[in-house]
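Here the protein sequences come in this chain order: A and B. Going by the numbering used here, the first sequence opens with residue 1378, and the numbers climb by one from there. Going by the numbering used here, the second sequence opens with residue 52, and the numbers climb by one from there. Beta carbons: idealized from backbone N, C-alpha and C, even for Gly. Note that this is a predicted model, so its numbers are computed, not measured. Right, one structure below, let's go through it.
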Amino acid sequence: MTNIDAKILQRAADALRDARDTVTVCAPVRDLLGDAAPEDAYAVQELNTGRWISDGRRVVGRKIGLTSVAIQKQLGVDQPDYGMLYADMALADGEEIALDRLIQPKVEGEIAFYLGGDLDGDALTSADVMAAVDYAVAAVEVVDSRVQDWDIRLLDTIADNASSGVYVLGSQPRDLKGLDLRLCGMVMEHKGEPVSVGAGAACLGNPLTATLWLARKMVAVGRPLKKGDLVLSGALGPMVTVEPGAAYQCRISGLGSVHVNFSG
Amino acid sequence: MIDIEKTALAVDEAARSATAIPQFSSSMDITVDEAYQVQALSLEQRYKRGERQIGIKMGLTSRAKMVQVGVDEVIWGRLTDAMLVDDGGEIDIANYVHPRAEPEIAFLMKKSLSGLVSPAQALAAVEAIAPAIEIIDSRYQNFKFSLADVVADNSSSSGFVMGPWARPDTDTSNLGVVFEFDGRPVQIGSTAAILGNPARSLAAGSRMLGAQGLSVEAGWIVMAGGVTAAEALRPGVHVSNTVENLGRVGFTVRS
C-alpha cells in the first residue's frame, strides 16, 4: 500500500494519460510524488492500467525495462521495472509506424518470449520459465516517454508504464532449444551502418533471467503471467533516437531480423 | 619536415622502455603518410633486436571510435612474435605504459592478400578464425594522440591473445561478445561493431597494405579491430573474451 495521498497519485496518472492521449509531454511526475517509493509509482501505473482496461484496451503481456547495468547505474537503481503491453501497441514486421502517434521515440533491439503456459505460484524457478516459453522471437521495442526531454528518474518511468511506446515482432519464432540467449549477437542498422550493437548478456546477464524476475514480480503484485502473454525482455544494446523516415533493421543471431519503418 | 628516423627511434625507445612521451603532433607537422613511415622504421628497430612480424592489427574500425578521433578511415599496425601472449597466460603490467584490453576476433591467413578485394574475396583467403583480445598501449602521455601520432606509434599495438581456431566459413557478421574482468561482464557487444562485418576490416587491411606496396601474407594473423571500448588493465585482473560460436580466450595480469 502507498503512503501518498490518493489525489496526488491520481493527478500523476492523469498527467501521464493526458500526455499520451494528446501526444504531448508533461513535467516529471516525481515533482508531484515527492519522496515516494517505487511502489507508489507502480500505484500510479496501476491507476492507468485499470482505466485503460475499462476503456477496452486489451493487455497482451509485459515489458521489462532498466535491464542494463549501465542504465541502472545512471538511474541509481539495482532492479529492473515493468510495464503493461496492449494489443494496440503491436506492429508487424516492416509495418510503417506513424510518427504522429509517438512523442520522442527511441528504438532498441530485444528478445520477446511468447508464453505457452502460466507462470503462477510461489517460488518460480528458471526451469519454470524455460518450460513456459512457447517461442522466442526477435523484437524491436519503440520506447517513448511522456516526460519532457526524457528527463526521467525511476519513479517517472515506472509511473509512465515503463516508458513503453509500441513494439514490432520479427516473423521467425524459435524454440529455445538450440538458442544461446546469453551470447547471441544483436545489431541494429540504419542506412547500412550499425547504430546499436550488443548481445543477450546485456539484458540482466540473460533475457531469461530478466523474465524470471518479471514472473516473480507479477506473482507478487497479483497479475501473474499467463499462457498467451508476450514478454519483451529488455534491450540488448543502447537505445537509438528515431529519425523521421528512418528504416531500422535489427538482426539477432539465431532469431532472424526485424524491420521497423517510420513515417517521414 | 619531420625527421622520420629520429621520430622512429624516439617511439621505439618509448615502447621498449615503457615510458610515456609527448605527442609528436604537438611539436611538429606530421602527416598520416609520414606516420606510416615512422611506424615502419620504428618496427625495423625491433626486427634488428630479433623480433619477427607475424601479422597486422586493424584499428578505429568502429563508427564510434572514428567519430571520437574525427576520422573516416581505419588504421593498421604491425604485430610481432614478441607481442603474442599465450591463451591462459600472464602479462606483467610493468612492461606497459598504461595498457588497456579490448575484445576482438583474429583471422589466420591461408593465402596472401593485397590491394582492392571484396570482403568475400578476403574471407576466401582465411584459414581459420579465433576469439581474441588485443592489449593496446599508447606510448603517449595520457593515452591522447592525433591520427598521425597513433599511426606512428604502431596504432597502439602492444600485445594480443588468441583462443581456439574455428572454421573459416563461420559467419562472423553478428556474433555476441561478452568481455569479462574476473568473471564479470565489463563490455558486451557484437562483432557487427567492426565496420558492420569483420570481413570488411580484412578487406580494408588488404587495400591499405596494397597502397603501400605491401601484402597481408599467408600465415599471418589479422586482428580485425575492437568490438567494444577498451578497458584499463590492473594488476591481478583476469581478462576473458567469449564470442558466440567461437569460444573463449583469456589471460591474467600478474599481481
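query	result
Chain B beta carbons: is any one of them nearer than 8 Å to that of A:P1571?	yes
According to DSSP, what are the bridge partners of B:S291?	B:E231 and B:G301
Which residue marks the beginning of the alpha helix (DSSP H) containing B:L39, and which one marks its end?	As shown, chain B starts at 52 and ends at 306. That puts residue 39 of chain B outside it, with no answer to give.
Helix or strand or just coil, what does DSSP make of A:T1568?	Reading off the sequence, residue 1568 of chain A comes out as Lys, not Thr. DSSP places A:K1568 in coil when its eight states are reduced to three.
Quick one: residues in its chain with C-beta nearer than 6 Å to the C-beta of A:R1628, no 5 flanking neighbours on either side, listed in chain order?	V1564 and S1634
For a quick check, are the C-beta atoms of A:D1553 and A:T1444 less than 8 Å apart?	Per the sequence presented here, residue 1553 of chain A reads as Leu, with Asp not at that position. No.
Could you check where the alpha helix (DSSP H) with A:L1589 kicks off and where it finishes?	P1584 to A1597
Closest by CA to B:R299, which one among B:E64, B:D137 and B:G287?	B:D137
How many whole angstroms separate the CB atoms of B:N292 and B:L226, which I take to be in contact at a CB cut-off of 8 Å?	Not a contact, Cβ separation roughly 11 Å.
Quick one, which residues of the segment 222–234 of chain B are near chain A if we go by CB-CB under 7 Å, in chain order?	N225, L226, G227, V228 and V229
What is the DSSP secondary structure of B:F194, reduced to helix, strand or coil?	helix
Who are the near neighbours of A:E1472 in its chain, counting only those whose CB is closer than 8 Å to its CB and skipping five residues on each side?	V1545 and N1638
So which residues on chain B does A:D1557 lean against when the C-beta distance must stay under 9 Å?	G227, E295 and N296
Restricting to Cα atoms, I'd like to know which of A:L1452, A:G1622 and A:V1520 is closest to A:G1460.	A:V1520
Let me confirm a value: B:N248 is counted as buried when at least 16 other C-beta atoms fall within 10 Å, else exposed. Which label applies?	buried
Under 8 Å, do A:G1534 and A:D1458 count as touching if we go by C-beta distance?	The sequence given here places Thr at residue 1534 of chain A; Gly does not occur at that position. In this structure, A:D1458 lies closer than 8 Å to A:T1534 by Cβ.
Can you confirm whether the segment 274–288 of chain B touches the segment 104–123 of chain B when touching is taken to mean that 3 or more C-beta pairs between the two stretches lie within less than 8 Å?	yes
Exposed or buried, what is B:D233 when buried is set at 16 or more other beta-carbons lying within 10 Å of its beta-carbon?	exposed
Taking a Cβ distance cut-off of 8 Å, strictly less, list which residues of the segment 1384–1410 of chain A are near chain B, in chain order.	none
For B:A173, which residues in the same chain have their Cβ closer than 7 Å to its Cβ, ignoring the five residues on either side in sequence?	L164, A250, L253, A254 and S257
Under 8 Å between C-beta atoms, does B:S241 make it to chain A?	yes
Taking the alpha carbon of B:F241 as the point to measure from, which residue in A:W1590, A:G1569 and A:L1560 has its own alpha carbon closest?	One point to set straight first is that residue 241 of chain B is Ser, not Phe, in the sequence displayed. When only C-alpha atoms are compared, the closest one is A:L1560.
Could you give the first and the last residue of the continuous beta strand (DSSP E) run that contains B:I187?	V177 to I187
Closer than 7 Å by C-beta to B:T82: which residues in its own chain qualify, once you throw out the five before and the five after it? Chain order, please.	A199
Candidates A:L1476, A:G1569, A:G1453 and A:R1397: which alpha carbon is nearest A:Q1525's?	A:R1397
Can you tell me the Cα-Cα spacing of A:F1490 and A:M1507, whole angstroms?	10 Å
Are the C-beta of A:M1563 and some C-beta of chain B separated by less than 8 Å?	yes
Output the boundary residues of the beta strand (DSSP E) element that contains A:D1458.	D1458 to Y1463
Per DSSP, what kind of secondary structure is A:T1534 in: helix, strand or coil?	helix
In chain order, what residues of the same chain have a beta carbon less than 8 Å from the beta carbon of A:S1692, not counting five sequence neighbours either side?	Any property of residue 1692 of chain A remains undetermined from this structure, which presents chain A solely from 1378 to 1641.
When DSSP builds the beta bridges, which residues end up paired with A:Y1544?	A:A1467 and A:E1518
First and last residue of the alpha helix (DSSP H) that includes B:E124?	Counting along the chain, B:E124 falls outside any alpha helix (DSSP H), and DSSP gives it neither H nor E.
Nearest-angstrom Cα distance between B:A145 and B:Q119?	28 Å
Find the residues of chain A that neighbour B:R114, judging by a C-beta separation of less than 9 Å, and give them in chain order.	E1570, P1571 and V1572
Note down, in chain order, each residue of its chain lying with its Cβ closer than 7 Å to the Cβ of A:A1536, except the 5 sequence neighbours on either side.	A1389, L1393, V1406, A1418, V1421 and Q1422
Please identify the residue among A:D1395, A:L1479 and A:K1604 whose C-alpha is closest to the C-alpha of A:S1640.	A:L1479
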